[in-house]
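Residue numbers (the working numbering), protein chains in the order written: chain A, 1 to 317; chain B, 1001 to 1315.
Virtual Cβ for every residue (Gly too), placed ideally from N, Cα, C.
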Amino acid sequence: MIKEKLLNIDRRILYGLLILVTVIPLRCDQKLNNITDDYSNAFYEAVSNIPEGKTVFIESDWTTSTRGENSGHLEALLRILMAKKTKFAIFSVGDAQAPGVFRGVLLRLMEERKTLGLPAYQPFEDYVDLGYFANAEGTLQAIGGDVRKVFEKKSIRDAEGKQRSAFDSPVLSNVKSVGDVPMYIVVTASNTIDRAIERLSAKTTLACMCTGVIGPSALPYFQSGQLKGVAIGLKGVFDIEYLMANGLNLETKESVKWSKQPDKTAQPITVGKTLDRGNRYFLSFMCAILLLIATVVTGNVMMFVARAQSKPQGDEA
Amino acid sequence: MMELLAQVEYGPLAVKPYSTEWLIGLIVTFLLAAGAAIGLSKVPANFRRPIVSIGTFLCGLIYVLYWLWPRPVNLKPDQVPNGMVEQVGKGLSDTLPLLADVANILTSFLLGLGVYSLARIHFGKIIKRQSDRGFSWVLIVSATMISVFGFVDYILRSQDKAGKLVDRENWGFFNVGQDIMFDGLLLQMDSVMFSLIAFFILSAAYRAFRIRSVESTVMMASALVLMLSLLSPIMFQWNTMIAQMAKGMNIPNADPSIPYPGGFFHNLQISDWANWVKGNLQTPALRAVDFGILLGALAMGLRLWLGLEKGGVSV
């Protein structure tokens, strides 16, 4: 009877179990240990060592459906850049809804900085929001050709509320071509990273933060050196937050040791939050994976048991 | 021609935004574009294919030439190009952002077309008083409300010079409305829709992921390794245990605090198995698939560019 039930578990029981194993761990805010992936280490090392005074381009192409992964990616990335006082220009070529979503993340981080007593990151002075470009192919090709002509018509408000060209801002004033940008980071839930690699990989350094679904298709570009680093899915968020908290290849006990690249180092982030969404969600994620493994194993074991029992006695002889 | 195109100014956009000249320019541009669209729709059927083919070829040619034609190196904006080769190269470089703008505007038309199509269908249902018109009302009302609240919120935030709206206490009716509708409803419902996949995956994996053949066994084994490798806090403990065993057996460089097992004990790390699967099986397979897809895309691109594709143009 129990064997039969385990062979055909009611899906409502599975759904209930999944709700339990994902919701209960969310209440637990314990710091977890981690083995960071090589591509996450490479990402953190590259972002942490961006030269001072340079401007980074962020292409944010995700919307609410992948918030669990991409929101953590963007938050961690912006925290690193803000802690290092790196200026950035943010825009989207992937989805009309994306600017509304990344503006929400920016607003949340501004509130967080205010709560923590950190200086505000000012639009126009410290970052520029360039909005949405509807055609990814054409826009990225043009950015590779002449970045000033693409963005110069974008007018944004300065601290006094005056409409000014984006290139009047200290963020973009030193950018003459995309080659002046030390890193172009794509935060995506789709294949817009392919477009960036096709159009820009020969002109600047690219890095990617993508969902778990897109991750495997980004890895060939990391292996070939076209992507400097990749943060994949929720594990990528957790890796980056863990590296932010502990640093990479340092003398300290907590520091992550990257045995394949022992000469590459990156300091931990000492200003503001480090462990947040990635650490908080990862226990739920782990429990969900364990439940998945357990149900698949149970299904198979019960299938073999049922098969053995249904065999005629003569077969065994 | 290239030099001429490169000098094109963006008529209505070159003047001060929201001024009278800007508005007149916008209306004239709209009328011209509408006239061109109506004119093209009246073209006799047998001329449509050549017009579309020539347009496609010319647009594609600019990108092909941009890729093939030599471009002047480090030419400053105020510097005059030297000779025909440099002039064409600069002209092509200058034309590209213009084409990107045109492509952006055309793609934006698609968004407008989508909204128009949706509105037409649902207003049609409401006017014809069809049985499920209630859903159409919900769609029309919610789309209108979220657009109005979103737009007013955007304008208020753009005009907020002192950054007062960063504090929730200073929010007005439209800011709160936008927050409830966008962050409170749309965002959450979108996330809920996506998270439903987790339930279906769990149920489907339990029912369908059974070892019935050699292929499914290989697939199950590799999936298990990859899933286990994602459980990094557990893998950390596992690796520490292996490193302790290695240290106990005096393996050189074994260090449980990193954890680093050293020697043969490296082979017991599941994270290393996963890296091997990703690096040596998954990535080459994906690269091969990508290569095939891109060869197909190249062939299709050439056919479209040269007008060899028979479908796609209504005659």
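Practice item. May I have the straight-line CA-CA distance separating Thr-22(A) from Thr-66(A), to the nearest angstrom? Key: In the first sequence, the residue the question calls residue 22(A) occupies position 22. In the first sequence, the residue the question calls residue 66(A) occupies position 66. So the two alpha carbons sit approximately 17 Å from each other.
Review point. If you check the beta carbons only, do Val-237(A) and His-73(A) fall under 8 Å apart?
Key: For the purposes of this step, residue 237(A) is taken as the residue at position 237 of the first sequence. For the purposes of this step, residue 73(A) is taken as the residue at position 73 of the first sequence. For Val-237(A) and His-73(A), yes; Cβs fall inside 8 Å.
Exercise for review: Could you tell me which residues DSSP pairs with Ala-231(A) in its beta bridges?
Suggested key: As a working mapping, residue 231(A) is identified with position 231 in the first sequence. Under DSSP, Ala-231(A) takes part in a beta bridge, and its partners are Met-209(A).
Review point. Between the stretch 22 to 41 of chain A and the stretch 275 to 293 of chain A, are three or more C-beta pairs nearer than 8 Å?
Key: At 8 Å Cβ cutoff, the stretches touch.
Exercise for review: Run through the stretch 156 to 207 of chain A for me and flag every whole beta strand (DSSP E) of 3 or more residues, listed as ranges in chain order.
Suggested key: Taking only runs of at least 3 residues, the beta strand (DSSP E) segments lying wholly in the stretch 156 to 207 of chain A are 163 to 165, 184 to 188.
Practice item. Establish whether the CB of Tyr-1206(B) and some CB of chain A are separated by less than 8 Å. Key: Against the second sequence, residue 1206(B) aligns to sequence position 206. For Tyr-1206(B), the answer is yes, since a Cβ of chain A falls inside 8 Å of its Cβ.
**Study point:** For Asp-61(A), the residue or residues it bridges with in DSSP
**Key:** Along the first sequence, read from residue 1 onward, the residue named residue 61(A) stands at position 61. According to DSSP, which records beta bridges pairwise, Asp-61(A) is partnered with Thr-188(A).
**Study point:** Proximal residues to Pro-119(A) (C-beta, below 7 Å), its chain only, five neighbours per side dropped
**Key:** Reading the first sequence from its first residue, position 119 is the one you call residue 119(A). Its chain contains no residue whose beta carbon lies nearer than 7 Å to that of Pro-119(A) once the 5 sequence neighbours on both sides are disregarded.
Check your understanding: So, Arg-1210(B) versus Asn-8(A), is the Cβ gap smaller than 8 Å?
Key -> Along the second sequence, read from residue 1 onward, the residue named residue 1210(B) stands at position 210. Along the first sequence, read from residue 1 onward, the residue named residue 8(A) stands at position 8. The answer is no: Cβ separation not under 8 Å.
Check your understanding: Leu-7(A) CB to nearest chain B CB: under 8 Å?
Key -> Sequence index remark: in the first sequence, residue 7(A) carries index 7 (1-based). Taking Cβ atoms only, chain B never reaches closer than 8 Å to Leu-7(A), which makes this a no.
Review point. How about the stretch 259 to 271 of chain A and the stretch 222 to 236 of chain A: do they share at least three Cβ pairs that are nearer than 8 Å?
Key: Under the 8 Å Cβ criterion, the stretch 259 to 271 of chain A does not count as touching the stretch 222 to 236 of chain A, having fewer than three qualifying pairs.
**Study point:** Under 9 Å by beta carbon: chain B residues contacting Met-286(A)
**Key:** For the purposes of this step, residue 286(A) is taken as residue 286 along the first sequence, with counting starting at 1. For a Cβ distance threshold of 9 Å, residue set Leu-1230, Leu-1231, Ser-1232, Pro-1233, Ile-1234 of chain B lies close to Met-286(A), ordered along the chain.
Review point. Between Gln-1159(B) and chain A, is there a C-beta pair that is closer than 8 Å?
Key: Taking the first residue of the second sequence as position 1, residue 1159(B) is located at position 159. Closer than 8 Å to some Cβ of chain A, the Cβ of Gln-1159(B) qualifies, so yes.
Practice item. Starting from Met-209(A), find everything on chain B with Cβ-Cβ shorter than 7 Å and list it in chain order. Key: Within the first sequence, residue 209(A) is the residue found at index 209, counting from 1. Close to Met-209(A), with beta-carbon spacing below 7 Å, lies no residue of chain B; the smallest spacing is near 17 Å.
Exercise for review: Pair every Cβ in the stretch 57 to 65 of chain A with every Cβ in the stretch 96 to 111 of chain A, then say whether three or more of these pairs are closer than 8 Å.
Suggested key: Segments in contact, yes.
Point to revise | Lys-1090(B) in three-state terms, based on DSSP | key: Position 90 of the second sequence, counted from the first residue, corresponds to residue 1090(B). Note: Lys-1090(B) maps to helix in three-state DSSP.
Review point. Touch check for the stretch 154 to 168 of chain A and the stretch 208 to 223 of chain A: three-plus C-beta pairs under 8 Å?
Key: No contact exists between the stretch 154 to 168 of chain A and the stretch 208 to 223 of chain A.
**Study point:** Enclosing beta strand (DSSP E) for Phe-91(A) [first to last residue]
**Key:** The residue labelled residue 91(A) in the question sits at position 91 within the first sequence. First-last of the beta strand (DSSP E) with Phe-91(A): 87 to 92.
Review point. Name the residues in the stretch 1073 to 1085 of chain B whose C-beta lies less than 8 Å from a C-beta of chain A; which are they?
Key: Going along the stretch 1073 to 1085 of chain B in chain order, one finds no residue with a Cβ nearer than 8 Å to chain A.
Check your understanding: Since Leu-130(A) is in the alpha helix (DSSP H), which residue starts that stretch and which ends it?
Key -> Position 130 of the first sequence, counted from the start, is the residue given in the question as residue 130(A). For Leu-130(A), there is no enclosing alpha helix (DSSP H); the enclosing beta strand (DSSP E) has its first and last residue at 127 to 132.
Exercise for review: Report the residue from Ile-1201(B), Val-1277(B), Gly-1263(B) whose alpha carbon sits nearest the alpha carbon of Ser-1222(B).
Suggested key: Working through the second sequence from its first residue, we reach residue 1222(B) at position 222. Among Ile-1201(B), Val-1277(B), Gly-1263(B), the Cα nearest to that of Ser-1222(B) is on Val-1277(B).
Point to revise | Other residues of its chain near Phe-1057(B): CB distance less than 8 Å, five sequence neighbours each side excluded | key: Position 57 of the second sequence holds residue 1057(B). Answer for Phe-1057(B): Trp-1305, Leu-1306, Gly-1307, listed in chain order.
Exercise for review: Would you mind telling me which residues of chain A sit closer than 8 Å to Asn-1104(B), beta carbon to beta carbon, in chain order?
Suggested key: For the purposes of this step, residue 1104(B) is identified with residue 104 of the second sequence, where counting begins at 1. One finds Phe-133, Ala-134, Asn-135, Gly-138, Thr-139 in chain A with Cβ atoms closer than 8 Å to the Cβ of Asn-1104(B), taken in chain order.
Review point. Quick check: the stretch 139 to 148 of chain A against the stretch 190 to 207 of chain A, are there 3 or more CB pairs under 8 Å?
Key: Judged by pairs of C-beta atoms under 8 Å, the stretch 139 to 148 of chain A touches the stretch 190 to 207 of chain A, as three or more such pairs exist.
Point to revise | Proximity to Leu-14(A) [Cα-Cα], best of Asn-249(A), Gly-94(A), Leu-248(A), Val-296(A) | key: Indexing the first sequence from 1 puts residue 14(A) at position 14. With distances taken between Cα atoms, Leu-14(A) lies closest to Val-296(A).
**Study point:** Thr-273(A) classed as buried or exposed, judged by whether at least 16 other C-beta atoms fall within 10 angstroms
**Key:** As a first step, residue 273(A) must be located in the first sequence, where it is residue number 273. At residue 273(A) the sequence reads Lys, which differs from the Thr that was named. With 16 or more other Cβ atoms within 10 Å, it is buried.
Exercise for review: Would you tell me roughly how many angstroms separate the C-alpha atoms of Ser-1041(B) and Leu-1031(B), rounded to the nearest one?
Suggested key: On the second sequence, residue 1041(B) is found 41 positions in, with the first residue counted as 1. On the second sequence, residue 1031(B) is found 31 positions in, with the first residue counted as 1. Cα to Cα, the separation comes out at about 15 Å.
Check your understanding: Val-1080(B) by DSSP, collapsed to three states: which one?
Key -> For the purposes of this step, residue 1080(B) is taken as residue 80 along the second sequence, with counting starting at 1. In the structure shown, Val-1080(B) sits in coil (DSSP, three-state: anything other than H, G, I, E or B).
Point to revise | Range covered by the alpha helix (DSSP H) that runs through Phe-1047(B) | key: As a working mapping, residue 1047(B) is identified with position 47 in the second sequence. Where Phe-1047(B) is concerned, the enclosing alpha helix (DSSP H) stretches over 1045 to 1068.
Review point. What whole-angstrom Cβ distance do Ala-46(A) and Gly-229(A) have, given they're in contact under 8 Å?
Key: By 1-based counting over the first sequence, the position of residue 46(A) is 46. By 1-based counting over the first sequence, the position of residue 229(A) is 229. Here Ala-46(A) really is in contact with Gly-229(A); their C-beta atoms are around 5 Å apart, less than 8 Å.
Review point. Can Phe-972(B) and Phe-1174(B) be called in contact, C-beta distance under 8 Å?
Key: The first residue shown for chain B is 1001 and the last is 1315, placing residue 972(B) beyond what the model contains.
Check your understanding: Out of curiosity, what's the CA-to-CA distance linking Ile-1234(B) and Ala-294(A)?
Key -> Your numbering for residue 1234(B) matches position 234 in the second sequence. Your numbering for residue 294(A) matches position 294 in the first sequence. The alpha-carbon separation between Ile-1234(B) and Ala-294(A) amounts to approximately 15 Å.
Exercise for review: Look at the alpha carbon of Gly-1011(B) and the alpha carbon of Gly-1035(B), and state the distance between them as a whole number of angstroms.
Suggested key: Residue 1011(B) sits at position 11 when you count from the first residue of the second sequence. Residue 1035(B) sits at position 35 when you count from the first residue of the second sequence. Only weak support is given to the placement of Gly-1011(B): the predicted model assigns it a pLDDT of 48, under 50, and the question is left unresolved by the model.
Review point. Looking at the structure shown, is Thr-270(A) part of a helix, part of a strand, or coil, going by DSSP?
Key: For the purposes of this step, residue 270(A) is taken as the residue at position 270 of the first sequence. Coil at Thr-270(A), not helix or strand.
Check your understanding: So is Tyr-121(A) in contact with chain D if we call contact Cβ pairs under 8 Å?
Key -> Protein chains in the displayed structure are A and B, and chain D is not among them.
**Study point:** Cβ-based neighbour list, Ala-317(A), same chain, cut-off 7 Å, excluding 5 preceding and 5 following
**Key:** Position 317 of the first sequence, counted from the start, is the residue given in the question as residue 317(A). Residue placement at Ala-317(A) is flagged as unreliable, the pLDDT there being 42, under the threshold of 50; the coordinate-derived value follows with that caveat. Counting only Cβ-Cβ distances below 7 Å, and skipping sequence neighbours, we find nothing.
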